[in-house]
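Asks: My numbering puts the first residue of the sequence shown at 274, with every later residue one more than the last. Even for Gly, the Cβ is constructed at its ideal location relative to N, Cα and C. Have a look at this one.
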Amino acid sequence: MRTRPASSLRLLLRLVAAAAIAGTAPEPLAAQLPGSITGALTDRETSAALADARVTLQGTERVATTDAAGRFTLPGVPRGNHVLRITAIGYVPRLVNDVVVQPGRPTAITVTMERAVVELQELTVAPSLFERRPEVPTSTVTVGYEEIRRSPGAIGDVTRLVQAMPGVILSNDQRNDIVARGGSPMENLILVDNIEVPNLSHFAAQNTSGGPISMLNTELIGATTFSAGGFGAQYGNRASAVLDVTLREGDRTRWLSEADVSFAGAGLVVEGPVGRRGSAIVSVRQSFLDLVAGSFGLTAIPNYTNLQAKLAFDLSPRDRLWLVSLGGRDNINFTVDPADLDDPSLENTNARGWRVVNGINWQRRFGGAVGTLTLSDAYSRFATDVTDAQLGNALTFRNRSGEGESTLRYDLAARPAARLGVKAGVSLKRFRSRLELAQPFGAQDPLSTDPARVNAVSIDQSLDGWLVGSYAMATATLGRWADVTLGARADRFDMVGATRLAPRGSLSLHLTPTLDLNASAGRYYQQVPLVYLGADPQNRMLAPLRADHLVAGLAWQARPDLRVSVEGFLKEYADYPVATQYPTVSLANTGDVYGVGGLLFPLASQGTGRSRGVELFVQQKLTSRLYGQLSGTFSRTEHRALDGVLRRGAFDVPVMLTGIVGYRAGDSWEFSARYTYATGRPLTPVLTSLATVQNRLILDVARTNAERAPDYARLDVRVDRRFRLFGTNQTVYVEVQNVLDRENVFQQVWNGKTRALDALNQIRFFPVFGYNVQL
């Protein structure tokens, strides 16, 4: 995709500047209305409502007390970014920051509280802005809505913010894939309000969990927890990481709406009460780049629509029901331009698709326990056609596949004793797929010097199966000195006839009130994606791939708003699918080859690998003016394919550094920047002479991943402006990605038009903007 941004950028900046200047006009007294903060407090383990808790607006004497349903209201709160202090008898005090209040509008929050299981005379616990989770003490970070919204470089996409976390490698500027500790993007589990979502992105491929554009509107996100590894037994069928997103509920006092527009599209959010005990929130978004394609010089225009909704009801003081629906449709068309020598492709691609996820949760509290019954269904449809200009535009790849999964799950959490918490659950998942793939001429094989195309396929089959799982885990507090979690899960992979037992555990030693020594270990299994199981008859018996995690480190709470952690990790793989006809190829190294064309070949579960490293994370939460974070990952990732040689993995990036810094100038202006540096990705040398003769990419497989791309560096800057105009609250931001216009290489390709080796670059100088108005 190429752009001609100069004139359009000037016009864009003028429009944004005009909006910002308009917001500087003095407001009439009637417009300077206070806002309010409403919310609900619950027990983190049992979800029980916390009555008689105190919620204090820090720095003031404003206090609210929760009612029997755990709800509270703080009226008359001035405009600005506030911090709340929350205390409840028998619970660890909490601080909640980034509570942004706008004039005349309620701000809703949901807070979970951790039970204090040590007597007050044993230990005085200071309130903190960092949520403590004894059962997952390692590799876990929680971020809120404001952190996601304002993060430079993330453009409101929670998964792009996760790319700035320790242990995560930035794979591709154009996509939001999560590469956690050397693991392929297909190894990640994504949950939205307790419902498993195979992929949260538009233009998603069958074998990944990411894409170029998120389907999830940031305005609906309440909080997000990301675990890079060592997570508990309640999570199954993924080998690397977990992204757990909680959507906020709609306002229960009145109907509200807001609209936004950005470079990528326009959206509308509507929320309000449903009866006396419920609420609803709905978001719809539509791209509009097709309307301005000429101004920006776009040649491939992404078009998409998405919808998200959440309905929540308090059926009784003990029963809560919430329904979640999200989905989207998208299409894009890449057409070969013979005159464009900068575009190396000789293939025309038309890709269309849609995906939808629906789920319902029923939560019931009884005694000191809570049970949650979840029923969900997810389905994705893929439609791709590829034609080759070198073959007279003959069809070389066609995909008309559909994949779905239906899940029934029950989770139980209880605290039978003051110092003991237990969780257990069972799940039943039904996989269903209709694979219709054609590769009539085969694929040009960059791993072979033979000019003939290979692996011609014609797949037309249904592939269905079951995954039955169960787990149990217990967390014990040993005085004031330690928390210990032990658990295990058992899974039956019906499609391949395999049963696996996965033990997991963690330990947190409290060396001082502010310094913890944490460790976790566990075994994780994952079913091979359906499209590969159906690619060849021998693939039907591929074993679930395995990953063993070991993590240990120190976490220091320097201040309530400042935390420093250092962790070391080791992840070892076994039973990874590898190509039987290409001895150097492991699926572990093809996670960012988007689309399955060229990967439909026989596989064997004989691959192994390992990833090891050290991570540093420093985070300063926003409580006054300055905030930021610094994450550093120093690691090595290696894999063995069928030839048994341990070589660099495709995601082996020894050094990854990301820094984010922001400054809030009053309640109206905010300035932020993000800098990223990374060692270059591994590259396989090209046999240039043979490639020139055959006019295609031919790799020197004897030296797989022996070289590296140049180092990566990128600086993003952003300015946010909040103001009130014509009785509405408005926010505008301008962001420039890669402001230094650095050329960062993504991958090497063969340019069939110039018959020479070429490189695909990451994003160059790229301005984006956003505008939001609360109606």
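#1: Assess, as a yes-or-no matter, whether the region 549-557 is touched by the region 494-512 under the definition of 3 or more beta carbon pairs within less than 8 Å.
#2: Please confirm whether S859 has its beta-carbon closer than 9 Å to some beta-carbon of chain B.
#3: If E492 sits next to D524, beta carbons under 8 Å apart, how far is it from one beta carbon to the other, in whole angstroms?
#4: Rounded C-beta distance between V452 and I463? I'm assuming under 8 Å.
#5: Taking the runs of the alpha helix (DSSP H) that are 4 residues or longer, which of them lie wholly in the region 437-516?
#6: Pull up the distance between the alpha-carbon of L396 and that of W754, whole angstroms please.
#7: In the DSSP assignment, find the unbroken beta strand (DSSP E) run with Q967 in it and report its ends.
#8: What's the C-alpha gap between N1034 and I442?
#9: Within 10 Å of its beta-carbon, does N666 have 16 or more other beta-carbons around it, so buried, or fewer, so exposed?
#10: Please list, in chain order, all residues of the same chain as L646 whose beta carbon is under 6 Å from its beta carbon, the five residues on each side excluded.
#11: By DSSP's criteria, V1009 is part of a beta bridge. Which residues make up the other side?
#12: Can you tell me where the beta strand (DSSP E) holding V630 begins and where it ends?
#13: What is the DSSP secondary structure of V858, reduced to helix, strand or coil?
#14: From what residue to what residue does the beta strand (DSSP E) around E531 run?
#15: Return helix, strand or coil for Q1035, following the three-state DSSP convention.
#16: Span of the beta strand (DSSP E) holding T910?
#17: Please work out which residues of its chain come closer than 6 Å, Cβ to Cβ, to L582, disregarding the five sequence neighbours upstream and downstream, and give them in chain order.
#18: Within 10 angstroms of its Cβ, does Q479 collect 16 or more other Cβ (buried), or is it exposed?
#19: Closest to V918 by CA distance: which of A946, Q967, S897 and R976 is it?
#20: State the Cα-Cα distance for the pair Y418 and I633, rounded to the nearest angstrom.
#21: Does DSSP classify N606 as helix, strand or coil?
#22: Of the residues W627, N490, A914 and D834, which one's Cα is nearest the Cα of V369?
#23: My output table needs one value for Q712: the three-state DSSP class, helix, strand or coil.
#24: Determine which residues share a DSSP beta bridge with R671 and list them.
#25: Can you list, in chain order, the residues of its chain with a C-beta nearer than 6 Å to that of G483? Leave out the 5 residues immediately preceding and following it.
#26: Would I1113 and A437 qualify as a contact pair, given that the criterion is a beta-carbon distance under 9 Å?
#27: What residues match up with M746 in a beta bridge as DSSP calls it?
#28: On the criterion of 16 or more Cβ atoms from any shown chain inside 10 Å, does R422 qualify as buried, or is it exposed?
#29: Closest to P425 by C-alpha separation, out of T931, R947, V1012 and R969, would be which residue?
#30: Roughly how many angstroms separate the alpha carbons of L668 and R813, rounded to a whole number?
#31: So what does DSSP say about P810, is it helix, strand or coil?
#32: For the region 324-331 and the region 706-726, state whether three or more C-beta atom pairs, one from each stretch, are separated by less than 8 Å.
#33: Nearest CA to the CA of D809: which residue from Y846, R909, P850 and G826?
#34: Go ahead and label A691 buried or exposed: buried means 16 or more other beta carbons lie within 10 angstroms of its beta carbon, across all protein chains shown.
#35: Quick one: grab the DSSP three-state call for D767.
#36: Identify whether I310 lies in helix, strand or coil by the three-state DSSP scheme.
Replies: Let me lay it out:
#1: Touching, no, given that fewer than three Cβ pairs across the two stretches are closer than 8 Å.
#2: In summary, chain B is missing from the structure at hand, where a single protein chain is found.
#3: Actually they are not in contact, since the Cβ atoms of E492 and D524 sit about 12 Å apart, beyond 8 Å.
#4: V452 to I463, Cβ: 14 Å. No contact.
#5: The DSSP assignment places no complete alpha helix (DSSP H) segment of no fewer than 4 residues inside the region 437-516.
#6: Confidence at L396 is low in this model, with a pLDDT of 47, below 50, so its placement is unreliable and no value can be given for it.
#7: For Q967, there is no enclosing beta strand (DSSP E); the enclosing alpha helix (DSSP H) has its first and last residue at T961 to Q967.
#8: For N1034 and I442, the distance between alpha carbons rounds to 17 Å.
#9: So N666 counts as exposed.
#10: Around L646: W635 and Y683.
#11: Looking at the DSSP output, V1009 bridges to V990 and P1040.
#12: Taken as a continuous stretch (DSSP letters only), the beta strand (DSSP E) holding V630 covers E620 to F639.
#13: Of the three classes helix, strand and coil, the one that applies to V858 here is coil, per DSSP.
#14: L529 to S535 is the extent of the beta strand (DSSP E) around E531.
#15: Three-state result, Q1035: coil.
#16: Counting along the chain, the unbroken beta strand (DSSP E) around T910 starts and ends at L899 to R913.
#17: First, the residue type needs correcting, since residue 582 is Ala and not Leu in the sequence shown. Around A582: V555 and S598.
#18: With a 10 Å radius around the Cβ and a threshold of 16 neighbouring Cβ atoms, Q479 comes out buried.
#19: Nearest of A946, Q967, S897 and R976 to V918, Cα basis: R976.
#20: Their backbone Cα atoms lie some 23 Å apart in a straight line.
#21: Under the three-state reduction of DSSP, N606 is assigned to strand.
#22: With distances taken between Cα atoms, V369 lies closest to D834.
#23: Residue state, collapsed to three classes: strand.
#24: R671 pairs with D658 and A711.
#25: Spatial neighbours of G483 in its own chain (CB-CB distance under 6 Å, excluding positions within 5 residues in sequence) are listed in chain order as R448, N449, D450, P458 and S474.
#26: Any question about residue 1113 goes unanswered here, given that the chain covers just 274 to 1048.
#27: M746 pairs with K696 and G760.
#28: With at least 16 other beta carbons inside 10 angstroms of its own, R422 counts as buried.
#29: Minimum Cα distance to P425 is reached at R947.
#30: Their backbone Cα atoms lie some 28 Å apart in a straight line.
#31: The answer is helix: DSSP assigns P810 an H, G or I state.
#32: Between the region 324-331 and the region 706-726 there are fewer than three C-beta pairs closer than 8 Å, too few to call the two in contact.
#33: Cα-wise, what sits closest to D809 is P850.
#34: Counting the other CB atoms within 10 Å of its CB gives A691 a total below 16, which places it among the exposed residues.
#35: In the three-state DSSP reduction, D767 falls in the helix class (H, G or I).
#36: I310: strand per DSSP, three-state reduction.
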